[in-house]
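Presented below is the structure to which this report refers.
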Amino acid sequence: MDRETGANDNAEHLYRYAMQHCEDVELWFVLSPQSSDWERLKNEGFRLVAPRSDEHRVLLENTDLIASSHADHTVISQWGSKYYRERRWRFVFLQHGVTKDDLSRWLNGKFIDLMVTSSTAEYESIVGDDTGYDLTGREVVLTGFPRHDRLMRLGNGRPDKTILLIAPTWRREVIIPLREGTGALGETSYWQHWDQLLRSEAVRLYLESDEFEVVFLPHPDVAPFISSIAEYEQLGIRVASYEEDVQELLANTVLGLTDYSSLVFDLAVLGTPTLYFQFDRDQFFNGNHVYDPGYFDYERDGFGPVAVGLLEAEHALASFYRGDTSLMKAGTERALASTPWRDGMNCSRTVAAIREALAVSPVRLINTSHPSLEIESRGLYEIDSGGSGSKALDAAAQVEG
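See below:
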């Protein structure tokens, strides 16, 4: 599964590849029937199951593998932690975004049998000596993200990219009060800074040009609380959502603009530069968010310049608009060097890594006669070719920014 409410992430792309290339695997994809992706995937031939349904529970009790782009409680503890401590299946963490910061506080203690990474620096930051992670080179593989295969196909050879993509990430100290009904997004410093930038003269340059389109992609945890969407649209800004085909947006983006979102690593795969607007960097990394500073230094490793104030961000935007790409040159070079894999084979490498992980130790047989679930007479197949029993691959995956 990706998110319960949506697909379009690494799990969907891995499922599609396995459906086309792994005839020995029985696949299921976990997704809410209320999701806008349900009919699309159903029509494509995905075998869908609703989260926390009786069918989902039975599949979970009888599967040997769950692959998900998220590792939060909606994936790994839907029926309580005790249930998952006694699990007999393997969990493959496909990731939603490149791990550029220190996520060890969040990841340590989770039941991760295999973790997919996309860049060499990311991989080394997790498995190298003296890191804060419990994971090692036995559990972490550098295969590239499954979704990047399609992104490369979409983005290669598009000379007419026009989108200025503005995509900030979320803040825990902002979201928690909003969810509890004790805060207002417009009163936060976080939102006031982004609102000022969206209404700035520099952004207006792009809006008034026939050569550019300004697209604002708010984080899905923030989007429900934005009250000024209509005002942005009146300015000419297109407000997008993660329910859209985000890869089409990325493939048509000429410049990314974010604070800390790992989404721009997808832009980096295409060699697209990014401008970082980090007005609250000290507060962001003071421990209030879910991660700490990691190996990725934005000035040294980032895919473009870093602005800590509005005027600095406006200057960089205006310079790029006028054709001065000098500020972006180093970032573009770093973007092109960000991943070793641009060959369209990430899905293939990921499947091979999963097969190898499953072959490490004996696997249990599926109980194909379970009374609560109708299973086709041919049963559930093995993902590895070394055994004689049956296996189910419960393809589950999710999106963060």
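For the sequence shown, our numbering assigns the number 208 to the initial residue and increments by one for each residue that follows. Positions of the beta carbon are idealized from the N, C-alpha and C atoms, including for glycine.
Can you tell me the Cα-Cα spacing of residue i and residue j, whole angstroms?
i, j, result
"N269", "D279", "21 Å"
"P366", "N459", "9 Å"
"A374", "L462", "11 Å"
"R223", "T465", "30 Å"
"V513", "G538", "10 Å"
"W313", "G339", "11 Å"
"D402", "F491", "18 Å"
"V606", "D231", "Caution applies to V606, whose pLDDT of 34 falls short of 50 and renders its modelled position unreliable; the model cannot decide the point."
"Q441", "A560", "49 Å"
"E583", "E233", "A caution first: E583 carries a pLDDT of 31, below 50, which makes its placement in the model too unreliable to give a value."
"E219", "D209", "7 Å"
"D550", "G393", "44 Å"
"F298", "A523", "43 Å"
"N493", "G388", "25 Å"
"L415", "A437", "Strictly speaking, residue 415 in this sequence is Glu, with Leu absent from that position. The alpha-carbon atoms of E415 and A437 are separated by roughly 18 Å."
"M535", "Y505", "13 Å"
"S435", "P425", "12 Å"
"Q227", "F318", "29 Å"
Can you name, in chain order, every residue of its own chain whose Cβ lies under 6 Å from the Cβ of residue i, other than the five neighbours on each side?
i, result
"T306", "E329"
"T212", "S239, S242"
"I444", "V421, F423"
"N217", "S276, L301, F352, P353, R354, A604"
"G390", "P384"
"P578", "Residue placement at P578 is flagged as unreliable, the pLDDT there being 37, under the threshold of 50; the coordinate-derived value follows with that caveat. Within the same chain, P578 has no close Cβ partners at all."
Taking C-beta to C-beta, are residue i and residue j nearer than 8 Å?
i, j, result
"D487", "S396", "yes"
"G304", "L470", "yes"
"V515", "Q485", "yes"
"A475", "S545", "yes"
"G511", "T481", "yes"
"W245", "I273", "no"
"L321", "A564", "yes"
"F419", "T369", "yes"
"L456", "G362", "no"
"Q454", "L358", "yes"
Report the residue from the options whose alpha carbon sits nearest the alpha carbon of residue i.
i, options, result
"D508", "S416, D417, R406, E540", "E540"
"T376", "T369, H400, M552", "H400"
"E408", "L266, R210, R254, A525", "A525"
"N553", "L234, L310, W235, T324", "T324"
"A257", "F236, R247, D308, K368", "F236"
"E451", "D209, A214, M208", "A214"
"P547", "D308, R259, S326", "S326"
"E519", "S533, Y483, D499", "Y483"
"L609", "P500, A274, N493", "Only positions 208 to 608 of the chain appear in the structure, and residue 609 is not among them; the question remains open."
"Y449", "Q227, I433, P427", "P427"
"L517", "R406, D308, F318", "R406"
"H263", "E251, V282, D504", "V282"
"L221", "T557, A566, R254", "T557"
Hey, quick one: how far does the alpha helix (DSSP H) through residue i stretch, first residue to last?
i, result
"E521", "517-528"
"M357", "According to the sequence provided, residue 357 is Arg. The question's Met does not apply to it. Residues 354-362."
"Y222", "217-228"
"V476", "471-476"
Could you spell out the range, first to last residue, of the beta strand (DSSP E) harbouring residue i?
i, result
"L464", "460-465"
"E420", "420-423"
"W313", "That residue, W313, is in no beta strand (DSSP E); its alpha helix (DSSP H) goes 311-314."
"E233", "233-237"
"S275", "272-275"
"V347", "347-349"
"Y483", "481-484"
"R406", "Unbroken run through R406: none, as it is neither H nor E."
Skipping 5 residues on each side, what residues in its chain have a beta carbon closer than 8 Å to that of residue i?
i, result
"V334", "Y340, L342, T343, G344, V347"
"E331", "Y502"
"G316", "D341"
"L248", "A214, E219, F236, L238, L255"
Can you give me the Cβ contacts of residue i inside the same chain, cut-off strictly under 7 Å, excluding the 5 residues immediately before and after it?
i, result
"E581", "Below a pLDDT of 50, predicted positions are generally treated as unreliable, and E581, at 36, falls in that range; the measurement from the model is reported next regardless. For E581, where only same-chain residues beyond five positions count, there are no Cβ hits under 7 Å."
"A413", "Reading the sequence as shown, one finds Tyr at residue 413 and not Ala. These residues qualify, in order along the chain: L371, F419, V421, Y528."
"F432", "L385, L392"
"L404", "V410, F484, L517, A520"
"F253", "Y222, F236"
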